[in-house]
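FYI, the numbering for the sequence shown is 3 to 169, going by the numbering used here.
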Amino acid sequence: MEKKYLILLAVSGAIVAIDQAVKMYIHTEFRLGESVAVLQNIFNLTYVRNPGAAFGFLREAPEAFRSIFFLSVPPTVMLIILAMLHTTPESNKLQTFALSSVFGGAIGNYIDRVRFGYVVDFLDFHYHNLYTYPAFNIADIAIVCGVGFILFEIVKEWFDSRKKITA
Numbered sequence: 003m004e005k006k007y008l009i010l011l012a013v014s015g016a017i018v019a020i021d022q023a024v025k026m027y028i029h030t031e032f033r034l035g036e037s038v039a040v041l042q043n044i045f046n047l048t049y050v051r052n053p054g055a056a057f058g059f060l061r062e063a064p065e066a067f068r069s070i071f072f073l074s075v076p077p078t079v080m081l082i083i084l085a086m087l088h089t090t091p092e093s094n095k096l097q098t099f100a101l102s103s104v105f106g107g108a109i110g111n112y113i114d115r116v117r118f119g120y121v122v123d124f125l126d127f128h129y130h131n132l133y134t135y136p137a138f139n140i141a142d143i144a145i146v147c148g149v150g151f152i153l154f155e156i157v158k159e160w161f162d163s164r165k166k167i168t169a
């Protein structure tokens, strides 16, 4: 087995394991809406059920549409990620890690959708009562960081190609 697929298994497996373990703890030990201050007026652990996507996208859409959308789109995205990984050179460790992170995060949230019909969110950042960022979870962090690394790679490759043209 190529090393990049071992990285995929290790990284995405670790993300899914940690994400699901913490979500299970929140789901079983917290009441819906229960909040525990970790850093007063800045960060709480709060049990939130998110039937939508990031930032509440599609939260208000009809349940039948959400069910079809969230049970069909993520597997398609995961297949695209696997195809991208397949074409990623062995030497590109950052892209392999990034794709593995997105894959693991996608699986973590997909498991929630299949099990519960919603995603368990719990990381609740806010500033006093002035600003509240939408709650999120470990899978979301993995997805955002992975996409960030992919964008970094794209920009880096663009700059590298520009250097070759001007050299």
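Virtual Cβ for every residue (Gly too), placed ideally from N, Cα, C.
C-alpha distance - A144 paired with G107, whole-angstrom precision: In the sequence shown, residue 144 corresponds to position 142, counting from 1. In the sequence shown, residue 107 corresponds to position 105, counting from 1. Approximately 5 Å, taken between the alpha carbons.
F138, DSSP secondary structure in three states: In the sequence shown, the residue the question calls residue 138 occupies position 136. Three-state result, F138: strand.
Residues of its chain near F105, where Cβ-Cβ distance is below 7 Å and the 5 sequence neighbours each way are ignored: Walking along the sequence shown from the start, residue 105 turns up at place 103. Within its own chain, the residues whose Cβ lies closer than 7 Å to the Cβ of F105, once the five positions on either side in sequence are excluded, are L10, S14, M80, I83, listed in chain order.
Status (buried if at least 16 other CB within 10 Å, exposed otherwise) for R117: Mapped onto the sequence shown, residue 117 falls at position 115. Exposed, by the Cβ-count rule.
Bridge partners - A39, DSSP secondary structure assignment: Here the question's residue 39 lines up with position 37 in the sequence shown. Answer is N46, bridged to A39.
Complete alpha helix (DSSP H) runs within the stretch 88-119 (minimum length 4 residues, chain order): With a minimum length of 4 residues, the continuous alpha helix (DSSP H) runs that stay inside the stretch 88-119 are 95-118.
Reference I156, options P53, T134, N43, T90, closest by Cα: Indexing the sequence shown from 1 puts residue 156 at position 154. From the listed residues P53, T134, N43, T90, the smallest Cα separation to I156 is found for T90.
Inter-residue Cα distance where the pair is L136 and F99: As a first step, residue 136 must be located in the sequence shown, where it is residue number 134. As a first step, residue 99 must be located in the sequence shown, where it is residue number 97. Per the sequence shown, residue 136 should be read as Pro rather than Leu. Rounded to the nearest whole angstrom, the CA to CA distance from P136 to F99 is 26 Å.
S103 burial status per 10 Å Cβ neighbour count (16 or more: buried): The count along the sequence shown starts at 1 and reaches residue 103 at position 101. Residue environment analysis places S103 among the buried positions, since at least 16 neighbouring C-beta atoms fall within 10 angstroms of its C-beta.
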